[in-house]
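Engineer: The number in the working numbering is simply the position in the sequence shown, starting from 1, with 3 added.
Handing you this structure, nothing more for now.
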Amino acid sequence: MTNDVSTHQAEDDARNEDILIWVNGALKPKAQALVSVYDSGFMLGDGVWEGIRLYNGRWTFLDEHMDRLFEAAKAIDLDIGMTRDQIIAAVLETQNANAMTTDAHARLMVTRGVKTRPFQHPKLSQRGPTVVIIMEHSRPKLPRPIRLATVPHLRGLPMTQDPKLNSHSKLNCILACIAAEKAGADEALMLDVHGFVNTTNACNFFIVKKGAVWTSTGYYCMNGITRQKVIDLCRANDIPVFERNFSLVDTYSADEAFLTGTFGAQTPVGVIDGRQIGTGQLGPVTERIRALYKTLVGG
Ligand SMILES: Cc1ncc(COP(=O)(O)O)c(C=O)c1O
Numbered sequence: 004m005t006n007d008v009s010t011h012q013a014e015d016d017a018r019n020e021d022i023l024i025w026v027n028g029a030l031k032p033k034a035q036a037l038v039s040v041y042d043s044g045f046m047l048g049d050g051v052w053e054g055i056r057l058y059n060g061r062w063t064f065l066d067e068h069m070d071r072l073f074e075a076a077k078a079i080d081l082d083i084g085m086t087r088d089q090i091i092a093a094v095l096e097t098q099n100a101n102a103m104t105t106d107a108h109a110r111l112m113v114t115r116g117v118k119t120r121p122f123q124h125p126k127l128s129q130r131g132p133t134v135v136i137i138m139e140h141s142r143p144k145l146p147r148p149i150r151l152a153t154v155p156h157l158r159g160l161p162m163t164q165d166p167k168l169n170s171h172s173k174l175n176c177i178l179a180c181i182a183a184e185k186a187g188a189d190e191a192l193m194l195d196v197h198g199f200v201n202t203t204n205a206c207n208f209f210i211v212k213k214g215a216v217w218t219s220t221g222y223y224c225m226n227g228i229t230r231q232k233v234i235d236l237c238r239a240n241d242i243p244v245f246e247r248n249f250s251l252v253d254t255y256s257a258d259e260a261f262l263t264g265t266f267g268a269q270t271p272v273g274v275i276d277g278r279q280i281g282t283g284q285l286g287p288v289t290e291r292i293r294a295l296y297k298t299l300v301g302g
């Protein structure tokens with residue numbers, strides 16, 4: 004079964020057919036924005052990336068995204084070959100070339116580059132890195148609250164491809180998403196190695212119970228920038244917030260649930276494993292957090 008809703012669904016925008024894509028310093032039309040079949044990212048998922056969003060002329064939380072990108076690159080021993088300022092300049096160059104002023108989303112990707120032979124060893128990646136910025140006009144579009152299904156795919160321990168790495172190899176998350184779709188849901192709810200509710204395949208996960216906001220301890224999920232901003236907003240606005248272990252029993256009986264991510268900000272969850280969450284609609288606490296976040300990002 005294929006569903007018509009995902010957390011990364013945007014309004015159709017014909018302008019996206021004519022965007023220019025930044026590929027290693029050159030701005031290319033979509034059809035010519037290509038990388039080699041020997042590229043480490045294509046061949047092995049060997050790279051790291053960030054998703055960033057433009058609201059009213061400002062790239063939101065760019066410092067935090069640069070921190071995470073450089074942290075991930077260092078962790079996988081990948082020399083980006085550009086400074087933070089050069090990366091930011093490339094983002095601005097792409098934005099200007101596309102005459103974008105608001106409601107744009109960019110996927111900033113860095114791979115280990117082009118290999119000399121089609122094998123795994125990183126030493127074979129001798130031309131690189133490959134740096135690409137795909138920037139699209141993007142307004143999230145959500146016809147209804149999202150449906151989640153719990154899947155057998157876990158968020159692993161840090162020594163097995165640390166789930167905090169925003170790596171190009173997303174197969175674990177993709178398999179989780181496929182399993183959720185086959186169960187009739189839009190996105191997967193993933194547990195940690197102890198069976199506690201952790202995150203979804205592409206976003207961080209929150210529940211609301213009796214006015215308090217709960218999210219996972221953060222040990223096994225992406226250290227989402229939106230996740231942290233939501234926690235900070237709750238703290239600053241007297242909304243009780245807890246990073247804690249909780250189970251599916253706690254989750255099904257939540258009053259509200261929502262996801263966070265740069266793309267969609269806060270996305271309400273209506274159903275989990277066939278159980279309606281609260282009214283099944285956007286709840287008052289999620290709505291309040293959405294409003295606080297909107298003010299924060301100037302969106
Ligand atoms: C698995 C996963 N979880 C959560 C997120 C959300 O993170 P952020 O809020 O920084 O966009 C992402 C985004 O890259 C992700 O890939």
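Think of the CB as a built atom: it goes at the ideal place given N, C-alpha and C, for glycine as much as any other residue.
(1) Smallest Cα separation from D82: which of M112, L251, D106?
(2) In terms of residues, what are the limits of the beta strand (DSSP E) holding Q164?
(3) Would you say the beta carbon of T263 is closer than 7 Å to some non-hydrogen atom of ligand 1?
(4) Give every residue of the same chain whose Cβ lies closer than 6 Å to the Cβ of A109, excluding the five residues on either side of it in the sequence, and list them in chain order.
(5) Whole angstroms is fine: what's the gap from A188's alpha carbon to A75's?
(6) With distances taken Cα to Cα, identify the nearest neighbour of G273 among T263, E259, G264.
(7) By Cβ distance below 6 Å, which residues in the same chain neighbour C176 in space, the five residues on each side in sequence not counted?
(8) How about N201: is its Cβ closer than 7 Å to a heavy atom in ligand 1?
(9) Give the straight-line distance between the Cα atoms of A186 and A152, rounded to the nearest whole angstrom.
(10) Quick one: which unbroken alpha helix (DSSP H) runs of 4-plus residues sit fully inside the region 200-262? Chain order, please.
(11) On a CA-only basis, which of P243, V244, C237 is nearest A294? Give me that one, please.
(12) With DSSP collapsed to three states, give me the class of A92.
(13) Is the closest heavy atom of ligand 1 to the C-beta of A205 under 7 Å?
(14) With distances taken Cα to Cα, identify the nearest neighbour of T265 among R120, A93, F122, G302.
(15) Here's a check: name, in chain order, each residue in its chain whose Cβ is nearer than 7 Å to the Cβ of N169, leaving out the five neighbours to either side.
(16) When the Cα atoms are used, what is the spatial distance from D253 to L145?
(17) Helix, strand or coil for T289? Go by DSSP, reduced to three states.
(18) To test your reading of the DSSP string, which unbroken alpha helix (DSSP H) runs of 4 or more residues are found completely within the region 120-169?
(19) Count the other C-beta atoms from every protein chain shown that fall within 10 angstroms of the C-beta of D42, then say buried if there are 16 or more, exposed otherwise.
(20) Shorter than 7 Å, the distance from the beta carbon of I136 to the closest heavy atom of ligand 2, or not?
(21) To the nearest angstrom, report how far apart F245 and V8 are at their CA atoms.
(22) Excluding the 5 residues flanking V154 on each side, which residues of the same chain have their C-beta closer than 6 Å to its C-beta?
(23) Using the C-alpha atoms, what's the distance from G283 back to H49?
(24) Could you check if H68 is buried or exposed, using at least 16 other CB atoms within 10 Å of its CB as the buried criterion?
Structural biologist: Judging by the given coordinates:
(1) M112
(2) Careful: Q164 lies outside any beta strand (DSSP E) and carries neither H nor E.
(3) yes
(4) I55, I136, M138
(5) 31 Å
(6) E259
(7) N204
(8) no
(9) 7 Å
(10) 228-239, 251-255
(11) C237
(12) helix
(13) yes
(14) G302
(15) V51, W52, E53, R71, A75, M225
(16) 26 Å
(17) helix
(18) none
(19) buried
(20) Only ligand 1 can be found as ligands here, which leaves ligand 2 out of the picture.
(21) 29 Å
(22) A179, A182, A183, A191
(23) The question names His, but residue 49 in the sequence shown is Asp. Those two C-alpha atoms are separated by around 39 Å.
(24) buried
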